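Number of protein chains: 2
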Amino acid sequence: MSNNTKITPQAENFAQWYQDVITAADLAENSSVRGCMVIKPYGYAIWENIRKELDSQFQKQGVENAYFPLLIPEKFLQKEAEHIKGFSPELAVVTYGGGKELTEPLVIRPTSETIIYDAFSRWIHSYRDLPLRINQWANVVRWEMRPRLFLRTTEFLWQEGHTAHATKREARQYALKILKKVYKPFAEKHLAMAVIDGQKTESEKFAGALSTYSIETLMRDGKFLQSGTSHDLSDHFAKAFNVRYLSEDGTQQYVYNTSWGVSTRLIGGLVMSHGDDKGIVLPPKIAPHKIVIVPIANSAPSDVTDAAKKMYRHLKKYNPIFDDRLEVRPGEKFYEWEKKGVPLRLELGPKDLANNKVVLVRRDTGEKSIVANDDVKKSVENMLKDIQNNLLLRSQKLLETKARRVDTWDEFVREINAGNYVLAHWSGDAAIERQIKEETKATIRCIPFKAEKEKGLCIKSGKPSRQRVVFGRAY
Amino acid sequence: MSNNTKITPQAENFAQWYQDVITAADLAENSSVRGCMVIKPYGYAIWENIRKELDSQFQKQGVENAYFPLLIPEKFLQKEAEHIKGFSPELAVVTYGGGKELTEPLVIRPTSETIIYDAFSRWIHSYRDLPLRINQWANVVRWEMRPRLFLRTTEFLWQEGHTAHATKREARQYALKILKKVYKPFAEKHLAMAVIDGQKTESEKFAGALSTYSIETLMRDGKFLQSGTSHDLSDHFAKAFNVRYLSEDGTQQYVYNTSWGVSTRLIGGLVMSHGDDKGIVLPPKIAPHKIVIVPIANSAPSDVTDAAKKMYRHLKKYNPIFDDRLEVRPGEKFYEWEKKGVPLRLELGPKDLANNKVVLVRRDTGEKSIVANDDVKKSVENMLKDIQNNLLLRSQKLLETKARRVDTWDEFVREINAGNYVLAHWSGDAAIERQIKEETKATIRCIPFKAEKEKGLCIKSGKPSRQRVVFGRAY
Numbered sequence: 273m274s275n276n277t278k279i280t281p282q283a284e285n286f287a288q289w290y291q292d293v294i295t296a297a298d299l300a301e302n303s304s305v306r307g308c309m310v311i312k313p314y315g316y317a318i319w320e321n322i323r324k325e326l327d328s329q330f331q332k333q334g335v336e337n338a339y340f341p342l343l344i345p346e347k348f349l350q351k352e353a354e355h356i357k358g359f360s361p362e363l364a365v366v367t368y369g370g371g372k373e374l375t376e377p378l379v380i381r382p383t384s385e386t387i388i389y390d391a392f393s394r395w396i397h398s399y400r401d402l403p404l405r406i407n408q409w410a411n412v413v414r415w416e417m418r419p420r421l422f423l424r425t426t427e428f429l430w431q432e433g434h435t436a437h438a439t440k441r442e443a444r445q446y447a448l449k450i451l452k453k454v455y456k457p458f459a460e461k462h463l464a465m466a467v468i469d470g471q472k473t474e475s476e477k478f479a480g481a482l483s484t485y486s487i488e489t490l491m492r493d494g495k496f497l498q499s500g501t502s503h504d505l506s507d508h509f510a511k512a513f514n515v516r517y518l519s520e521d522g523t524q525q526y527v528y529n530t531s532w533g534v535s536t537r538l539i540g541g542l543v544m545s546h547g548d549d550k551g552i553v554l555p556p557k558i559a560p561h562k563i564v565i566v567p568i569a570n571s572a573p574s575d576v577t578d579a580a581k582k583m584y585r586h587l588k589k590y591n592p593i594f595d596d597r598l599e600v601r602p603g604e605k606f607y608e609w610e611k612k613g614v615p616l617r618l619e620l621g622p623k624d625l626a627n628n629k630v631v632l633v634r635r636d637t638g639e640k641s642i643v644a645n646d647d648v649k650k651s652v653e654n655m656l657k658d659i660q661n662n663l664l665l666r667s668q669k670l671l672e673t674k675a676r677r678v679d680t681w682d683e684f685v686r687e688i689n690a691g692n693y694v695l696a697h698w699s700g701d702a703a704i705e706r707q708i709k710e711e712t713k714a715t716i717r718c719i720p721f722k723a724e725k726e727k728g729l730c731i732k733s734g735k736p737s738r739q740r741v742v743f744g745r746a747y
Numbered sequence: 273m274s275n276n277t278k279i280t281p282q283a284e285n286f287a288q289w290y291q292d293v294i295t296a297a298d299l300a301e302n303s304s305v306r307g308c309m310v311i312k313p314y315g316y317a318i319w320e321n322i323r324k325e326l327d328s329q330f331q332k333q334g335v336e337n338a339y340f341p342l343l344i345p346e347k348f349l350q351k352e353a354e355h356i357k358g359f360s361p362e363l364a365v366v367t368y369g370g371g372k373e374l375t376e377p378l379v380i381r382p383t384s385e386t387i388i389y390d391a392f393s394r395w396i397h398s399y400r401d402l403p404l405r406i407n408q409w410a411n412v413v414r415w416e417m418r419p420r421l422f423l424r425t426t427e428f429l430w431q432e433g434h435t436a437h438a439t440k441r442e443a444r445q446y447a448l449k450i451l452k453k454v455y456k457p458f459a460e461k462h463l464a465m466a467v468i469d470g471q472k473t474e475s476e477k478f479a480g481a482l483s484t485y486s487i488e489t490l491m492r493d494g495k496f497l498q499s500g501t502s503h504d505l506s507d508h509f510a511k512a513f514n515v516r517y518l519s520e521d522g523t524q525q526y527v528y529n530t531s532w533g534v535s536t537r538l539i540g541g542l543v544m545s546h547g548d549d550k551g552i553v554l555p556p557k558i559a560p561h562k563i564v565i566v567p568i569a570n571s572a573p574s575d576v577t578d579a580a581k582k583m584y585r586h587l588k589k590y591n592p593i594f595d596d597r598l599e600v601r602p603g604e605k606f607y608e609w610e611k612k613g614v615p616l617r618l619e620l621g622p623k624d625l626a627n628n629k630v631v632l633v634r635r636d637t638g639e640k641s642i643v644a645n646d647d648v649k650k651s652v653e654n655m656l657k658d659i660q661n662n663l664l665l666r667s668q669k670l671l672e673t674k675a676r677r678v679d680t681w682d683e684f685v686r687e688i689n690a691g692n693y694v695l696a697h698w699s700g701d702a703a704i705e706r707q708i709k710e711e712t713k714a715t716i717r718c719i720p721f722k723a724e725k726e727k728g729l730c731i732k733s734g735k736p737s738r739q740r741v742v743f744g745r746a747y
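The listed protein sequences correspond, in order, to chains A and B. Residue numbers 273 to 747, in my numbering, belong to the letters of the first sequence in order. Residue numbers 273 to 747, in my numbering, belong to the letters of the second sequence in order.
What follows is the structure, encoded as structure tokens:
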């Protein structure tokens, strides 16, 4: 399944570049069903790594996995007024089952608050059953008019965590904890993506939530990607689904819920955070193969191939690829694995063998090092760490470089149009927020947690404001 | 979430017993959507263990994971005539999406041959692309009129493997390999379930297959559970979806496909293979927790609790439960963990502590052993092995005990009604097979691989037959 996709330069056409590098790396493709993608083995292996790491993080937060039905009675969604209003335009509806028209239509879950809290209403009886912390790894369907691989697909894979707590305060803190202690460090340490964390505005929050918190990451074209969200649902769904518990003082109380999720969209984020004109660049911690080993030999078996094979066994823990194909020239191999973003390449030719050396080439910088045989394992380990750090540093630098503190509307428009993002004052008026979006396509990505309290005047309306918010274009 | 379900004795009402033990062990429950179950954390943990083990087995067979769309155009299913005939009564059909009636209905995958081979037709070009070996872990929907938890649910979780090969022979061998080298040993060694493997008759084979192979396991009530199937699809789907490759001699050839799957139904199989009147019994290799540690103490902290905690850390690799609840009496704890089928219980009381001993109790036999502190780890290791072996031996014994070689129709009916299964001659006539099913509810589970060639006369029609087949009632 080799593939010779030519990659459009990033600077020339970012959207086409994105499409090209995904094809070139063999991550995913459009299926015959509009809006639904096929995640190919290499793309899926990245998702499995994301899943594995997050799963162990959730466990540390006391979360257990379970599985809830794909199909939800339409009337369940209607129980929470904001929820159905938000999701109604995106639903896929099953009207026939087992050869008969259904008396009651079922929707394919766009998210599972309703069906899960229906279960919680059976599971929770007393304060001893709280907190209840559940997660599911599942597919969801949200009808998508302008699909793009990973970023916007009608079906996508995700995890959705759902918890129930005895108090409003505890729920809010848990929603924040998942964002700050799981999603943010995961994005930074594993995906090497710099993050702005904060709260969504009323117009951008989850349909049915009291508050939504998010991590926002910046793509190389200056647009944001909302990469993970955590919702404080307060008692909104508990009231709709009658989820109550007997408190220690013997009274019936509603629980307070949180829900939180990340999806296969993160893979799109990885691509647009780190990729370059040669293809995708994978952070070592999430790369299916951390190194590719290429013996430079014209025949096999050969001394070179044997030595390279030994190296392969030596480096087993990095799940290396051993590319000893004879019908493909070394240059083509390099090109192929660069497209796939393998963090490190080890080359071994006859001269290297004679000198007891190998060549190591970094994907992120292209830097070449010649390393003594005995030091290979240590060098590989160090370089992988360096690559991981360097990718995060680059991402942090991008986030700094593209930031503009702006105090006039003219500047605002100019900076947004120049592909930057803006820290500006906003008074909290949703109508102004909408107007800004209509005029510039910039939305408030979040009200950042880390912002000095600073009095000012709204960039558009001139009304008094207490802090700057993050405006930017987004996927 | 404690629960006080009373368990109906197995001998009194097997179906009710099954329902009761699932509730008592907190494995799963019916949801508000008829036919769709909620898999609760303990049940899901078993599925995760099944998944993890099978996944590593598939990898050894050169299989890669990927993910394909949930929604399939209805016309795709119609491309293979037998396939649509078989699945049409079970389909869930989406007719609305994004607020509009769809011009073309989409079905929720009941299985994914069609959408996957559609992708294969884009992925496969030359003989170099073969064999192609793909697996997906996914949910599927088959409308179910008589739902039962795990055994028959409208939605279930499964894996479906799909491969493409250059020759008919290679495909057939691969289908057999998955059955004999993966499914059968997995069922025996991990699930401790004895297996009859063989070929399905024409009437019982997969809709669209040339041949279906299956592993059949015997439940404690004498009924079979089809526990895994592997299909030789020949070129049936390759022709329907135009999956062709350029062969080494330069001609265009159709590929040959296999598909194979096991599902959450296996959990129902585990329950009905090993469970007893106290609850479920889990084979150690698949149990989420292999041991529960119960300090017998009236207060905490105490010397006993401290010593038990030490034991807990010492036995960490068995993912032990540490049950030091003070508000629950030891007897109740024993009862609770027996219901949940935890293979081994470790009790530690003040007397044991004084004597440097612990008590170990096996879930399968109820046998109690007193073990010196220093030997605990070794004893636990050995007992878990013993339990695993014993469960398989019991399952093998059941398979032998319930077998009847039968040569007259009267005997056949008597043995089937007595809850046994029958090895009898059958000439291959589908009409007779149907007639037997109508009269006795017994179906041909398989034409077993391991059967002496033996000439005889069909048990019902008297027509000549070349080997005995396995007749039995089944889930």
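A virtual CB, placed ideally from N, CA and C, is assigned to each residue, including glycine. Everything numeric in this text was worked out from a predicted model, so none of it was measured.
A distance below 7 angstroms between beta-carbons, with the five flanking residues on each side excluded, links lysine 732(B) to the following residues of its chain, in chain order: Trp681, Ile704, Gln707 and Ile708. In this structure, DSSP gives phenylalanine 743(B) an extended state, which the three-state scheme calls strand. Taking a Cβ-Cβ cut-off of 9 angstroms, the neighbours of glycine 371(B) in chain A comprise Ser360, Pro361, Glu362, Leu363 and Trp415, given in sequence order. For the segment 632–676 of chain B, the full-length beta strand (DSSP E) segments reaching 3 residues or more read 640–644 along the chain.
Looking at the backbone, the Cα of leucine 664(A) and that of alanine 479(A) are separated by about 32 angstroms. Scanning the segment 291–339 of chain A for uninterrupted alpha helix (DSSP H) segments of 4 residues or longer gives 313–332, listed from N- to C-terminal end.
The beta-carbon of threonine 295(B) is placed no less than 8 angstroms from the nearest beta-carbon of chain A. In this structure, glycine 744(B) sits near arginine 717(B), with a CB-CB distance shorter than 8 angstroms. Identification of chain B residues near glutamate 336(A) by a Cβ-Cβ cut-off of 7 angstroms yields Pro313, ordered along the chain.
With contacts defined as CB atoms closer than 8 angstroms, isoleucine 279(B) and alanine 296(B) qualify as a contacting pair. When rounded, the separation of the alpha-carbon atoms in proline 720(B) and glutamate 653(B) is 36 angstroms. One alpha carbon belongs to glycine 638(B), the other to glycine 315(B), and they sit about 23 angstroms apart. Judged by beta-carbon spacing, threonine 435(A) lies within the 8 angstroms limit of leucine 404(A), meaning their Cβ atoms are closer than that value. Within the model, the alpha-carbon separation for threonine 577(A) versus proline 567(A) is close to 6 angstroms. Under the 8 angstroms Cβ criterion, the segment 506–514 of chain A does not count as touching the segment 402–417 of chain A, having fewer than three qualifying pairs. Taking 8 angstroms as the cut-off, the Cβ atoms of valine 310(B) and alanine 391(A) count as close. Collapsing the DSSP output to three states places asparagine 689(B) in a helix.
Along the segment 449–477 of chain B, none of the residues has a CB nearer than 9 angstroms to a CB of chain A. Under the Cβ criterion of 8 angstroms, alanine 391(A) is counted among the residues facing chain B.
Here threonine 536(B) is buried. Its C-beta has 16 or more other C-beta atoms within 10 Å. If you draw a straight line from the Cα of histidine 355(A) to the Cα of proline 382(A), it comes to about 11 angstroms. Within chain B, the residues placing a beta-carbon under 8 angstroms from that of cysteine 308(A) are Pro341, Leu342 and Leu343, ordered along the chain. For tyrosine 584(B), the enclosing alpha helix (DSSP H) stretches over residues 575–586. In the three-state DSSP reduction, leucine 448(B) falls in the helix class (H, G or I).
The Cβ atoms of glycine 541(A) and leucine 587(A) lie no closer than 8 angstroms to each other. Taking 8 angstroms as the upper bound for CB-CB distance, alanine 675(B) and threonine 715(B) are not in contact here, some 16 angstroms apart. For serine 571(A), there are no neighbours in chain B by C-beta distance under 8 angstroms, as the nearest C-beta there is about 20 angstroms away. Rounded to whole angstroms, the gap between the alpha carbons of asparagine 285(A) and glutamate 608(A) is 22 angstroms. With a 10 Å radius around the Cβ and a threshold of 16 neighbouring Cβ atoms, histidine 437(B) comes out buried.
By the CB criterion at 8 angstroms, valine 534(A) and serine 499(A) fall inside the cutoff. One alpha carbon belongs to valine 741(B), the other to tyrosine 368(B), and they sit about 47 angstroms apart. DSSP places tryptophan 609(A) inside the alpha helix (DSSP H), whose first and last residues are 602–611.
Collapsing the DSSP output to three states places leucine 378(A) in a strand. Here glycine 500(B) is bridged, per DSSP, to Ile487(B). Secondary structure of tryptophan 532(B) (DSSP, three-state): strand. If you look at tryptophan 415(B), you'll find it isn't in any beta strand (DSSP E); DSSP assigns it neither H nor E.
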